[in-house]
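Remarks on the structure that follows.
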Amino acid sequence: MPQQTIEVRTASFADLNAHTFHDLLKLRIDVFVVEQHCPYPELDGRDVEPGTRHLWLTDGGAPLAYLRILADPDGAARIGRVVVAPAARGGGHAGRLMTAALEVVGNRPCVLEAQSHLVPFYTRHGFAVSGPEYVEDGIPHTPMRRDAIDV
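The opening residue of the sequence shown carries number 533 in this note's numbering; numbering runs sequentially from there.
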C-alpha cells in the first residue's frame, strides 16, 4: 500500500472549486444522511457565508475528514459537520482536523453540538459540556463550549 501524504486544507466557500465542494458534500451526505439515517436539509445556506471556513484532510484524492467553522453573531466560532470517511476511521484524522480547526479559531470562544458519544473526544480538545443533552434526528447531542483563551 502506498504511503499517504495527508494534508490539511482550509478554504472559504469562494475559494472552493466545484469538484472539491461536491466531494465535501458527498462525504457529509454519505455519513450524516445515509449512514446515520438523518434526513435533513444538508444545504442550510451556512456553507456560503463569508465567515465560514471549510477544513478537510486529503491524501490527494477524496477527503478523509471534514468540518466547517461558522462565525456566530456573538463572535464565537461554531464547529460543525465534523465527519470522517468510514474507510478512514480509527486513523486519528478527527483529532488532527480538530487541532487544525482550533488553530484557525485562535483565542475566540468556540461552541459545538457534539453527538453525545463523542463528548470525551471533544473534552480532550478543551471543550466542556455547556447544557443538557437533547435528541436531534434520533441521535443524542450535547452542547459544548471552549472559552476564549487568554494570551
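Glycine included, each C-beta is placed from N, C-alpha and C at the ideal position.
Given the structure is predicted, the values throughout are model-derived calculations rather than measurements.
Environment of residue i [buried if 16+ CB atoms lie within 10 Å]
i      : result
Thr631 : exposed
Ala680 : exposed
Met533 : Residue confidence is low: Met533 scores 43 on pLDDT, short of 50, so the model does not pin down where it sits. No coordinate-derived value is stated.
Pro595 : buried
Val637 : buried
Asp682 : exposed
Ala485 : Examination of residue 485 is not possible in this model, given that the chain is present from 533 through 683 alone.
Endpoints, beta strand (DSSP E) assigned at residue i
i      : result
Gly627 : Segment His625 to Val637 is the alpha helix (DSSP H) holding Gly627; no beta strand (DSSP E) there.
Arg678 : Ile671 to Arg678
Val563 : Taken as a continuous stretch (DSSP letters only), Val563 belongs to no beta strand (DSSP E), as it is neither H nor E.
Glu645 : Cys642 to Gln647
Thr542 : Glu539 to Ala543
Leu575 : Looking at the DSSP string, Leu575 is not in any beta strand (DSSP E), and its letter there is neither H nor E.
Run of the alpha helix (DSSP H) containing residue i, from where it starts to where it stops
i      : result
Leu587 : Here Leu587 belongs to no alpha helix (DSSP H); instead the beta strand (DSSP E) covers Arg585 to Thr590.
Arg560 : Ala550 to Arg560
Tyr654 : Val651 to Thr655
Candidates the options: closest to residue i by CA position
i      : options                           : result
Ala660 : Glu668, Ile671 and Arg677         : Arg677
Leu644 : Thr542, His673, Ala546 and Gly627 : His673
Asp547 : Ile538, Glu581, Arg628 and Leu629 : Glu581
Thr552 : Asp604, Gly624, Ala597 and Ala626 : Ala597
Glu539 : Asn549, Thr584, Leu589 and Asp576 : Leu589
Gly583 : Phe564, Ala543 and Ala617         : Ala543
Asp591 : Thr537, Val651, Thr655 and Arg656 : Thr537
Val615 : Val637, Arg640, Arg541 and His625 : His625
Val642 : Arg613, Leu650, Val563 and Asp604 : As written in the sequence, residue 642 is Cys, which differs from the Val given in the question. Answer by Cα proximity: Asp604.
Bridge partners - residue i, DSSP secondary structure assignment
i      : result
Glu668 : Ile671
Pro595 : Thr590
Quiz item: Hey, is the stretch 664–674 in contact with the stretch 555–571, meaning 3+ C-beta pairs nearer than 8 Å?
Solution: Output reads yes: the stretch 555–571 touches the stretch 664–674.
Practice problem: Say whether the stretch 635–650 touches the stretch 545–559, bearing in mind that this needs 3 or more beta-carbon pairs closer than 8 Å, one atom from each stretch. | Solution: no
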